[in-house]
Structure formats: structure tokens, C-alpha cells
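At position 55 of the sequence shown the residue is numbered 55 (full-length UniProt numbering), and the sequence of numbers has no breaks.
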Amino acid sequence: MIVGQGLAGCLLARRLSLGGASCALVGKSMPMAATPVAAGIMNPVTRKRLAKSWRTETYLPQAKD
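Rendered as C-alpha cells:
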């Protein structure tokens, strides 16, 4: 059972599911929680020199799914 249906809870449930495990995901609507407030924010490039963020190549494909 995963308590919390925010970004972390959903990602954990998905990973478990892809690994063949079953789980129950429990959560409630919280409009001012971190996940809804930050929805859609993804910035793989930072700073003045437009350097890629740490592990961008690892996480960007997952973010696009």
C-alpha cells in the first residue's frame, strides 16, 4: 500500500507495476500540495552557460512518458 498519490507515490506505483508487483495507491485531493503546484515544471537546462542538469539523460525520457 502506498499512501500519498502525489508525484512520488504515482512514480513508485508505476515502477512497482512495471516490475510485476501489485499495490494499492491511496491519496486525497490537496490542491496546494507540492505536486499540483509544480505540475508541468521540467527544466533540463540551467545557469548562464545553458549546462544540462545532473542526470538529464536518465530522467528526461521518463518525464516525457
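Here a beta-carbon is modelled for each residue, glycine too, at the ideal position from N, C-alpha and C.
Check each candidate in the options and name the one with the smallest Cα separation from residue i.
i, options, result
"A7", "T56, T58, A51 and K28", "Residue 7 is actually Leu in this sequence, not Ala. Here the closest residue by C-alpha is K28."
"P31", "A21, Q5, R14 and L50", "Q5"
"G9", "Y59, T35 and W54", "T35"
"V26", "L12, G20 and G19", "L12"
What is the DSSP secondary structure of residue i, counted as helix, strand or coil?
i, result
"L18", "helix"
"L50", "coil"
Report yes or no: is there a C-beta of chain C within less than 9 Å of the C-beta of residue i?
i, result
"M1", "Looking at the structure shown, chain C is missing, and only one protein chain is on hand."
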